[in-house]
Structures are given as C-alpha cells and as structure tokens.
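First the structure, in the form of structure tokens, and then the observations on it.
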Amino acid sequence: MTHLRYGFRTFLLELVMVAAGLAFLFPVYALITLSLKSSKQIASAPLSPPTSPTMANFSRAWSAAGLGSALVNSTLITIASLICLIALGAFAAYFLARCASRLGYGLYVLFLLGIVLPFQLGMIPLFKLVDQLGLLGTYQGMIIFYTGIQLPFTIFLYTGFIRALPRDYANAALIDGATHLQAFTRVVFPLLRPITGTVLILNAVFIWNDFFTPLLYLGGSARETVPVRVFSFVGQYVSDYGLVFAGLVLAALPILVVFLLLQRYVIRGFASGLKG
C-alpha cells in the first residue's frame with residue numbers, strides 16, 4: 001500500500017482552495033448579514049456580525065415591493081419557458097443527433113452560432129417586433145423570448161447527450177413497429193433524465209435571475225418579475241440597504257432550493273453531453 005506524502009505543495013494547494021472558498025462565501029455572508037441589520041447597524045459596522053438580528057427587513061421588503069405577486073410572475077414565466085425549452089430542444093436535438101445529412105449538420109452549426117452571438121445585438125429589433133405583436137407586458141412575450149434565446153444552448157446540451165446514447169434502444173422500438181415519435185417519447189426521452197436536470201437548472205437560473213429583459217418588456221406592468229421589483233428599492237429606499245438585501249435573499253431562496261434538489265444532475269448531465 002502506498003502512502004501519500006503531505007508536502008509543501010499540498011499545503012499550498014490547500015491554502016489556495018481555502019482562499020477560493022472564502023472568496024465565494026464572502027458575498028453570501030455579506031448578503032445575509034446586511035439583511036439582518038437595521039439601517040443604523042449597517043451605517044456603523046456593515047460587515048460585522050449582527051449584534052441584534054432583526055427579521056423586520058424581510059416583512060417590509062415583502063409588502064413594500066409586492067414580492068408575492070412578483071414570485072408568482074417569475075414562477076409562471078420560468079416554468080412555462082422551461083416546458084417549451086425541454087419539448088422543443090429535446091425533439092430538435094434528437095433529429096440533429098440522428099440525422100447524418102448535410103442539412104442536420106448545417107442546422108446544428110446554425111444553432112451553435114446562436115450560442116456565440118450575444119442576444120443584445122438584436123435587442124432593439126426584438127423589442128420592436130414584440131411591440132408590434134402586442135406582447136409587451138405579457139407572459140407570452142417573455143416566454144417566447146426566453147425560449148428563443150435559450151433554445152440553442154438547450155439543443156447543444158441535448159444533442160451531445162443523445163449522440164452518446166446507443167442507437168439500439170430506439171432501433172429496437174422502430175423494429176417493433178413504433179414510429180419515430182413513439183420511439184423518442186417512450187424510449188429515448190426517459191433516458192435523458194440526467195441532461196434534462198442540467199437543462200432545467202441552468203435555464204431556470206438564467207431566466208429567474210434575468211433583470212434587463214423583464215425591465216425592458218414588463219417594466220411598469222403588473223407582471224414584473226422578482227429582480228425588477230427588488231430594483232425598486234434602489235430608487236425608493238436609497239439609504240435603507242437592509243430592505244435591498246432582504247429582498248435579494250427572498251428572491252434567491254426559490255431558485256436556491258431548485259438548485260439543491262437538482263445539483264446532482266448538473267455535472268453528470270453536462271459531462272455526459274461533452275462525451276458526444
């Protein structure tokens with residue numbers, strides 16, 4: 001049996017890892033600490049541990065910003081967008097992964113270009129198009145926007161994973177008389193559970209935390225999402241940062257719970273997709 005030697009290089013690596021961990025944990029510490037302090041405590045010692053923690057900031061932030069309705073809006077937009085992304089992305093990826101023609105390869109390259117090009121380049125034409133369609137301030141406009149923006153990335157993940165799957169499963173279903181649609185829905189799609197978890201969490205984090213697009217398309221309407229409502233504190237309560245950070249904590253909790261539930265699928269699905 002060989003014994004690992006604990007040398008100076010290992011000690012340096014441990015120091016680097018500890019420093020990296022502290023760097024990632026510091027924003028979380030500051031967020032929670034400031035949300036539990038009053039305005040006077042924040043002004044005197046912003047980063048020190050709270051001597052007398054208060055939960056008043058959370059109740060005030062909830063009522064002042066109307067976070068209840070904002071959470072409903074964000075949840076509806078996120079869930080509907082994820083359903084569209086999974087349905088369209090999985091079907092399209094199955095065709096691209098199994099199609100050996102130039103058309104399939106060309107479409108795959110076209111979707112990859114959608115990942116490289118920033119969507120901000122088309123923000124003004126997209127805004128005019130949504131306005132002309134009468135979808136400004138609606139759930140439908142946001143769902144269509146997020147589906148189109150995140151579809152190339154979703155197809156990229158699904159295509160790599162499907163290419164790594166053996167063809168025997170779908171071929172056996174086709175031999176038994178199933179159509180391609182039945183082979184996909186009953187045989188292939190259940191095997192996509194790891195990458196579907198990855199698609200869910202990565203797209204959910206992006207959609208839930210997006211601020212600029214809801215501000216542009218939903219600003220001033222009753223369908224504003226959580227980041228837009230939290231931003232209202234910056235202008236209305238400039239000196240009361242306790243409300244700002246309490247609102248950020250409330251906004252981050254739902255997506256944090258989803259991430260903790262699906263985190264085991266993220267690395268597994270993403271790594272499996274890269275094999276293809």
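Going by UniProt numbering, the first residue of the sequence shown is number 1, and it counts up by one from there. Idealized CB from N, CA, C, for every residue including glycine.
Exposed unless 16 or more other CB atoms sit within 10 angstroms - verdict on residue i
| i | result |
| --- | --- |
| Met-1 | Because Met-1 sits at a pLDDT of 47, beneath the cut-off of 50, its placement in the model cannot be relied upon, and the following sentence gives the value as read from the coordinates. With fewer than 16 Cβ atoms within 10 Å of its Cβ, Met-1 is classed as exposed. |
| Ser-101 | exposed |
| Ser-74 | buried |
| Thr-51 | exposed |
| residue 278 | Lying outside 1 to 276, the shown extent of the chain, residue 278 is not represented and no answer is given. |
Simplified DSSP state of residue i, which is helix, strand or coil
| i | result |
| --- | --- |
| Ala-172 | helix |
| Arg-167 | coil |
| Pro-118 | coil |
| residue 280 | The requested residue 280 does not occur in the structure, where the chain is confined to residues 1 to 276. |
| Ala-64 | helix |
| Ser-221 | coil |
| Arg-5 | coil |
| Gly-148 | helix |
| Ser-52 | coil |
| Gly-177 | coil |
Straight-line Cα distance separating residue j from residue i
| i | j | result |
| --- | --- | --- |
| Ala-93 | Leu-15 | 43 Å |
| Leu-200 | Met-142 | 17 Å |
| Phe-189 | Leu-67 | 36 Å |
| Phe-233 | Ala-56 | 15 Å |
| Ile-255 | Ala-204 | 7 Å |
| Leu-107 | Arg-264 | 31 Å |
| Leu-243 | Ala-61 | 5 Å |
| Leu-274 | Lys-37 | Interpretation of Leu-274 is limited by its pLDDT of 48, a score under 50 that renders its predicted location unreliable; no figure is taken from the coordinates. |
| Leu-88 | Ala-70 | 27 Å |
| Ala-251 | Gly-160 | 33 Å |
| Tyr-237 | Gly-247 | Residue confidence for Tyr-237 is low, a pLDDT of 46 falling below 50, so the modelled location carries little weight and cannot support an answer. |
Where the alpha helix (DSSP H) through residue i begins and ends
| i | result |
| --- | --- |
| Val-187 | Where Val-187 is concerned, there is no enclosing alpha helix (DSSP H), given that its DSSP letter is neither H nor E. |
| residue 278 | Not covered by the structure: residue 278. The range shown for the chain is 1 to 276. |
| Met-123 | 123-132 |
| Ser-101 | Careful: Ser-101 lies outside any alpha helix (DSSP H) and carries neither H nor E. |
| Ala-35 | First, the residue type needs correcting, since residue 35 is Ser and not Ala in the sequence shown. Start and end: 8-35. |
| Pro-214 | 212-218 |
Legend entry - At least 3 beta-carbon pairs within less than 8 Å: the segment 195-211 vs the segment 124-139: Verdict: no, contact absent.
Legend entry - the segment 27-46 in contact with the segment 218-226 per 3-pair CB rule at 8 Å: As far as the Cβ criterion goes, the segment 27-46 does not touch the segment 218-226, which means the pair count is below three.
Inset, instruction - Pair every Cβ in the segment 80-88 with every Cβ in the segment 143-162, then say whether three or more of these pairs are closer than 8 Å. - result: Here the segment 80-88 lies against the segment 143-162, with 3 or more beta-carbon pairs under 8 Å apart.
Inset, instruction - Decide if the segment 11-26 is in contact with the segment 37-46; the criterion is three or more beta carbon pairs, one per stretch, under 8 Å apart. - result: The segment 11-26 and the segment 37-46 do not touch, with fewer than 3 CB-CB distances between them shorter than 8 Å.
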